[in-house]
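Peer 1: Here's a structure for you.
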Amino acid sequence: GYRLAFNLRGFPPLEPGMGSLEPRVADGDDGSALSYDANECHGALIKLSADDYEKVMRSEGVAATDGNPNQTYDEIVVTAIPYNKNHPPVQAVALRARSHARLKKDPCPSPRYMNILREGARELGLKPCYQEFLNKHPVQTNSPLLRKIAIANLVLTVTLSYRFKIRQISKLQSWLLFKVYAPTTASKAMKILSEIASVMILLPGSIIGFFLLKMLLSTGKMPPMMKEMVEQHW
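For the numbering used here, add 13 to where a residue sits in the sequence shown, where the first one is 1.
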């Protein structure tokens with residue numbers, strides 16, 4: 014069976030981990046922050062045209078060929094079993110984090126990310142026990158100060174990465190931030206130390222990013238995706 018994992022490397026501390034379908038481990042710790050008892054993941058089965066399928070895969074960073082070393086997901090084939098037992102199981106495509114982007118332990122997803130899953134589960138009418146699992150799953154909590162510093166820094170790193178193709182800074186920051194990362198479930202002392210260390214890592218970039226953010230807002234040239242992230246986290 015498979016589990017809903019959050020082990021795709023994200024952008025701590027705002028979005029530490031993204032969703033992925035991960036094979037269940039028969040014995041031992043599977044790295045999850047909270048496990049669903051059954052060896053299964055619930056969701057929606059959607060039939061797409063070839064063009065729409067390609068658009069969805071591109072939006073998730075999946076290339077048409079395996080030649081892209083930066084691709085973060087692999088397409089995997091799973092067996093989808095409908096709630097209605099009158100319908101037979103079908104083969105479906107899902108996404109699993111690639112090994113280079115896959116974390117050994119699931120970090121806590123952000124409240125924004127988790128709310129999308131919870132609202133989707135309610136709209137789809139997924140089984141109450143699975144909705145309860147989603148509702149109980151811990152989410153990452155950050156202080157208002159750390160959130161503002163992180164989003165200002167993100168404005169800088171996203172601008173450098175996508176406009177100037179300079180990704181070394183964001184990669185170094187990500188490596189350092191995961192070294193000092195503490196999930197919401199960690200002890201209070203560990204969370205305080207993690208927050209202090211995260212602020213020290215992000216502060217230099219956030220100062221430049223803050224002025225860049227003000228400039229983008231005043232000129233109206235902020236990319237829509239960046240604007241959405243700022244509005245959600247600021």
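Cβ atoms here follow ideal geometry from the backbone N, Cα and C, with glycine treated the same way.
Source: prediction; values computed, not measured.
1) With which residues is R22 paired in a DSSP beta bridge?
2) Under 6 Å Cβ to Cβ from K215, same chain only, skipping five residues before and after it: list those, please.
3) So is V90 buried or exposed if we call it buried at 16+ other beta carbons inside 10 Å?
4) Can you give me the C-alpha to C-alpha distance between M239 and P95, rounded to a whole angstrom?
5) Suppose the cutoff is 6 Å on Cβ atoms and the five residues either side in sequence are ignored; what does the same chain contact list for H246 look like?
6) Thinking L108 and S33 are a contact (beta carbons under 8 Å), I'd like their distance in whole angstroms, please.
7) Identify the residues that DSSP records as bridge partners of D65: which are they?
8) Give the secondary structure of T197 by DSSP, where H, G and I count as helix, E and B as strand, and everything else as coil.
9) Put R135 into one of helix, strand or coil per three-state DSSP.
10) Exposed or buried, which one is V103 when buried takes at least 16 other CB atoms within 10 Å?
Peer 2: A quick look at the data gives this:
1) As a first step, residue 22 must be located in the sequence shown, where it is residue number 9. According to DSSP, which records beta bridges pairwise, R22 is partnered with G30.
2) Sequence index remark: in the sequence shown, residue 215 carries index 202 (1-based). The question names Lys, yet the displayed sequence has Leu at residue 215. Excluding sequence neighbours, L215 sits near I162, A163 and N166.
3) Start at 1 with the first residue of the sequence shown, and residue 90 comes out as number 77. Exposed.
4) For the purposes of this step, residue 239 is taken as the residue at position 226 of the sequence shown. For the purposes of this step, residue 95 is taken as the residue at position 82 of the sequence shown. Going by the C-alpha atoms only, they are around 37 Å apart.
5) Within the sequence shown, numbered from 1, the residue matching residue 246 stands at position 233. Cβ neighbours of H246 beyond the five flanking positions: L27, R160 and I164.
6) Residue numbering aside, residue 108 sits at position 95 when the sequence shown is read from its first letter. Residue numbering aside, residue 33 sits at position 20 when the sequence shown is read from its first letter. 7 Å between Cβ atoms; contact.
7) Translated into positions along the sequence shown, residue 65 becomes position 52. Beta-bridge pairing links D65 to no other residue.
8) Stepping through the sequence shown from its first residue, residue 197 is reached at position 184. Of the three classes helix, strand and coil, the one that applies to T197 here is coil, per DSSP.
9) In the sequence shown, counting from the first residue as 1, residue 135 sits at position 122. In the three-state DSSP reduction, R135 falls in the helix class (H, G or I).
10) Counting from 1 along the sequence shown, the entry for residue 103 is found at position 90. Label assigned to V103: exposed.
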